[in-house]
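Going letter by letter, the sequence shown gives residues -11 to 391 in our numbering.
Just so you know, even glycine gets a beta-carbon here, dropped at the ideal spot from N, CA and C.
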Amino acid sequence: PSFYSTGAPVLFVKKKDGGLHLRVDYRKLNSVTRKNKYPVRPMNQLLNFFSGSSIFSKIDLHGAYNLLRIKEGDEHLTCFRTKYGSFEYLVMPFGLTNAPPSFQNLVNDIFHDLLDFYVVVYSDDIMVFSKSEEEHVTHVSTVLSRLRTNSLFAKASKCLFHVSSVEYLGYVVSSEGLKMDQAKVQQILNWPPPRNLKALQSFLGFANFYHHFFKNWSKKISSLTSFLKKYSCFPLNEEALSQFNQLKKAFTTSPILSHFNPSLHTIVETNASNYALGAVLSQVSDSGKHPIAFDSRKPIPAELNYDIHDKELLGIVWALKRWRAFLLSLSSPFEVLTNHSSLQYFMSLKVLTRRQLHWAESLSEFHFSITYRPSRLATLPDALSHWDNIYPERGRISSARIQ
-11 PSFYSTGAPV LFVKKKDGGL HLRVDYRKLN SVTRKNKYPV RPMNQLLNFF SGSSIFSKID
49 LHGAYNLLRI KEGDEHLTCF RTKYGSFEYL VMPFGLTNAP PSFQNLVNDI FHDLLDFYVV
109 VYSDDIMVFS KSEEEHVTHV STVLSRLRTN SLFAKASKCL FHVSSVEYLG YVVSSEGLKM
169 DQAKVQQILN WPPPRNLKAL QSFLGFANFY HHFFKNWSKK ISSLTSFLKK YSCFPLNEEA
229 LSQFNQLKKA FTTSPILSHF NPSLHTIVET NASNYALGAV LSQVSDSGKH PIAFDSRKPI
289 PAELNYDIHD KELLGIVWAL KRWRAFLLSL SSPFEVLTNH SSLQYFMSLK VLTRRQLHWA
349 ESLSEFHFSI TYRPSRLATL PDALSHWDNI YPERGRISSA RIQ
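Right, here's the structure in full:
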């Protein structure tokens, strides 16, 4: 119980198992809270460590944030009111702005010497990954022992042990690579045509989670994004509605994203036009060249004024920054393919514009060569609309194990 007369309002959120989550609306408290700047790694980085792994276990911690004690004397700040009176937490509740980084700090400290070797942690979700069954037994035993020593406990009903495929952070992880979670794909397939701006924003936001599975994503949604402009009239016109349906269909034929291997020869292919910047990250193995990731974006208005040389150079700079974590982990130089011959010599030019000088500085941290390849030989055509012909076979893309 709390003796404070004011407190945050509460609400209940239904659990998947039918139970109820108590949630406190701490927005006012969060707005005046000094933020914990502990770095929480992006989800896509955590998916970069499964290369070569074939057996997985997922551990969900029970109570998570409630395992952290509120600083003595600050308990009253968590006061919330109900019709039965006011109450305050002694432990960290869900909803506080500093709860995620504080808990991440705790689990990272517990597993500091195991992280990225055979353990990754995102909040209360722990993934253990190994190359063999025998190795995995040892790894899981070590993780569970650490949890017990630190009085952290798993929720058995939400854990999976010793499996070859598991859902983690919205993806299905296996030895093959990454696949989209079919439950989320089904939600997209069942999505009705957006009838207003808010509905369209919700659809694009949800679908965009998997954008790196698709070649030329920005073009696939171009007609839909035009309706995000102010004063757009709904319902969708025929062109946008057709693109909406085509996009949903594309989710049924998405590739598997293979795991990135820092020891393989790596190729970055880029293209730039007035409509989009596009790039493909590929690796060459004994079985041939496989795409690792696709990405694209629209140029901003100022970039439309660049000459063709700078547009193509912009495409290279953007792609290398986009995949910086992959490219800096490589054990040998990677190759950039371009159909603009003068770019081969860019890094050795002595006379540069201010913009080009800035780009040269950005590129200096990478170890790569630029290779000219005529458009007629390119697997990445000049016209971004031709991207669907790049890899007619099943694409394989990946997250990276940085070694």
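Between the CA atoms of residue j and residue i - distance to the nearest angstrom
{"i": "residue 26", "j": "residue 93", "result": "7 Å"}
{"i": "residue 358", "j": "residue 331", "result": "7 Å"}
{"i": "residue 63", "j": "residue 70", "result": "17 Å"}
{"i": "residue 65", "j": "residue 150", "result": "42 Å"}
{"i": "residue 267", "j": "residue 79", "result": "47 Å"}
{"i": "residue 291", "j": "residue 17", "result": "42 Å"}
{"i": "residue -5", "j": "residue 73", "result": "10 Å"}
{"i": "residue 309", "j": "residue 223", "result": "38 Å"}
{"i": "residue 180", "j": "residue 232", "result": "10 Å"}
{"i": "residue 20", "j": "residue 361", "result": "56 Å"}
{"i": "residue 7", "j": "residue 141", "result": "20 Å"}
{"i": "residue 2", "j": "residue 41", "result": "35 Å"}
{"i": "residue -9", "j": "residue 76", "result": "9 Å"}
{"i": "residue 126", "j": "residue 114", "result": "16 Å"}
{"i": "residue 129", "j": "residue 347", "result": "48 Å"}
{"i": "residue 0", "j": "residue 9", "result": "5 Å"}
{"i": "residue 341", "j": "residue 263", "result": "24 Å"}
{"i": "residue 255", "j": "residue 299", "result": "19 Å"}
{"i": "residue 242", "j": "residue 198", "result": "10 Å"}
{"i": "residue 184", "j": "residue 288", "result": "25 Å"}
{"i": "residue 349", "j": "residue 265", "result": "21 Å"}
{"i": "residue 377", "j": "residue 186", "result": "With a pLDDT of 37 at residue 377, under the threshold of 50, the modelled position of this residue cannot be trusted, and the question is left open."}
{"i": "residue 213", "j": "residue 339", "result": "39 Å"}
{"i": "residue 227", "j": "residue 211", "result": "7 Å"}
{"i": "residue 59", "j": "residue 282", "result": "46 Å"}
{"i": "residue 397", "j": "residue 165", "result": "What the structure shows of the chain is the stretch from -11 to 391, and residue 397 is not part of that stretch, so it cannot be assessed."}
Outcome for residue i when other beta-carbon atoms lying within 10 angstroms are tallied against a minimum of 16
{"i": "residue 174", "result": "exposed"}
{"i": "residue 325", "result": "buried"}
{"i": "residue 322", "result": "buried"}
{"i": "residue 44", "result": "buried"}
{"i": "residue 67", "result": "buried"}
{"i": "residue 38", "result": "buried"}
{"i": "residue 208", "result": "buried"}
{"i": "residue -3", "result": "exposed"}
{"i": "residue 23", "result": "exposed"}
{"i": "residue 258", "result": "buried"}
{"i": "residue 168", "result": "buried"}
{"i": "residue 337", "result": "exposed"}
{"i": "residue 280", "result": "buried"}
Residue(s) in a DSSP beta bridge with residue i
{"i": "residue 43", "result": "118"}
{"i": "residue 9", "result": "1"}
{"i": "residue 259", "result": "266"}
{"i": "residue 167", "result": "160"}
{"i": "residue 357", "result": "323"}
{"i": "residue 48", "result": "113"}
{"i": "residue 271", "result": "254, 278"}
{"i": "residue 142", "result": "49"}
{"i": "residue 155", "result": "160"}
{"i": "residue 108", "result": "115"}
{"i": "residue -4", "result": "68"}
Proximity of residue i and residue j at Cβ, strictly below 8 Å
{"i": "residue 106", "j": "residue 34", "result": "no"}
{"i": "residue 239", "j": "residue 177", "result": "yes"}
{"i": "residue 284", "j": "residue 204", "result": "yes"}
{"i": "residue 82", "j": "residue 29", "result": "no"}
{"i": "residue 159", "j": "residue 46", "result": "no"}
{"i": "residue 426", "j": "residue 319", "result": "In the structure as shown, the chain starts at -11 and stops at 391, and residue 426 therefore has no counterpart that could be examined."}
{"i": "residue 458", "j": "residue 48", "result": "The structure shown has nothing for residue 458, since the chain only spans -11 to 391."}
{"i": "residue 286", "j": "residue 220", "result": "no"}
{"i": "residue 311", "j": "residue 269", "result": "yes"}
{"i": "residue 245", "j": "residue 201", "result": "yes"}
{"i": "residue 253", "j": "residue 271", "result": "yes"}
{"i": "residue 52", "j": "residue 13", "result": "no"}
{"i": "residue 131", "j": "residue 116", "result": "yes"}
{"i": "residue 55", "j": "residue 90", "result": "no"}
{"i": "residue 152", "j": "residue 139", "result": "no"}
{"i": "residue 134", "j": "residue 98", "result": "yes"}
{"i": "residue 335", "j": "residue 351", "result": "yes"}
{"i": "residue 96", "j": "residue 102", "result": "no"}
{"i": "residue 143", "j": "residue 50", "result": "yes"}
Endpoints, beta strand (DSSP E) assigned at residue i
{"i": "residue 298", "result": "Residue 298 -> not in any beta strand (DSSP E); alpha helix (DSSP H) instead, spanning 296 to 310."}
{"i": "residue 73", "result": "73 to 75"}
{"i": "residue 277", "result": "276 to 285"}
Boundaries (first-last residue) of the alpha helix (DSSP H) holding residue i
{"i": "residue 211", "result": "210 to 213"}
{"i": "residue 98", "result": "87 to 98"}
{"i": "residue 19", "result": "15 to 19"}
{"i": "residue 148", "result": "Where residue 148 is concerned, there is no enclosing alpha helix (DSSP H), although the beta strand (DSSP E) it sits in stretches over 148 to 151."}
{"i": "residue 68", "result": "Here residue 68 belongs to no alpha helix (DSSP H); instead the beta strand (DSSP E) covers 68 to 70."}
{"i": "residue 349", "result": "342 to 351"}
{"i": "residue 54", "result": "Careful: residue 54 lies outside any alpha helix (DSSP H) and carries neither H nor E."}
{"i": "residue 34", "result": "31 to 34"}
Test: residue i CB closer than 8 Å to a CB of chain B
{"i": "residue 214", "result": "In the displayed structure, chain B is absent; only one protein chain is listed."}
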